[in-house]
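Numbering (the numbering used here), first residue to last: 701 to 875.
Quick reminder that beta carbons are idealized off the backbone N, C-alpha and C, glycines included.
Computed from a predicted structure; not experimentally measured.
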């Protein structure tokens, strides 16, 4: 049997219900415990204003770089399973949530459009809550031909607040 190739992928995690930082940490730990996924880098945590549906609590967001042998659809299934395990309920588009794990980009996949998955993630160029944390771990990846470090300069990130959790916050069991 042929060994599956290892690829990098970038995820955004966030939420605004409950202890979001703890829930994001649990999600990352669940990913890292798998044999087919490794967490390589995790951004700091940022407090961000709601986007899309603005009449709700602020969010906490972070991004992660992973390596995986999973295909994009397989990785999507894994992240959605983790969301369900962590009590994610999908009742309202862009509404309040305990956890959201979005696949932002996948190495060597420049355009993918499936019913449940579009890569790179749609509207990423408009979302400071994604670009600001992503820039801290992957400033040089390209999204639709533009560097993340350039895209972050084009969005209003004036309200985004970097939180003071430690460097390895996602591995902290005391959150």
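In whole angstroms, what separates the C-alpha of residue 857 from that of residue 768? 30 Å
Residue interval of the alpha helix (DSSP H) (run including residue 783): 772-785
CA nearest to the CA of residue 754, picked from 796, 779, 863 and 847: 796
Can you tell me whether residue 766 is helix, strand or coil according to DSSP? strand
N- and C-terminal bounds of the beta strand (DSSP E) containing residue 740: 737-742
Confirm, please, whether the CB-CB distance from residue 763 to residue 834 is below 7 Å. yes
Do you know offhand how far residue 818's Cα is from residue 811's? 8 Å
Going straight from the alpha carbon of residue 710 to that of residue 765, what length do you get? 5 Å
Which value, in whole angstroms, describes the spacing of the CA atoms of residue 820 and residue 809? 8 Å
If you follow the alpha helix (DSSP H) that residue 723 is part of, which residue opens it and which one closes it? 720-732
Closest to residue 864 by C-alpha separation, out of 746, 799, 707 and 830, would be which residue? 746
To the nearest angstrom, how far is it from the Cα of residue 708 to the Cα of residue 756? 33 Å
Residue closest to residue 688, alpha-carbon to alpha-carbon, out of 758, 744 and 845: A question about residue 688 goes unanswered here, because the residues of the chain that appear run from 701 up to 875.
Beta bridge counterpart(s) of residue 715 as assigned by DSSP: 760
Whose CA, out of 775, 712 and 798, lies closest to the CA of residue 784? 798
Rounded straight-line distance, which links the Cα of residue 705 to that of residue 827: 30 Å
How is the alpha helix (DSSP H) around residue 811 delimited, first residue to last? Looking at the DSSP string, residue 811 is not in any alpha helix (DSSP H), and its letter there is neither H nor E.
With H, G and I counted as helix, E and B as strand and the rest as coil, what does DSSP make of residue 872? coil
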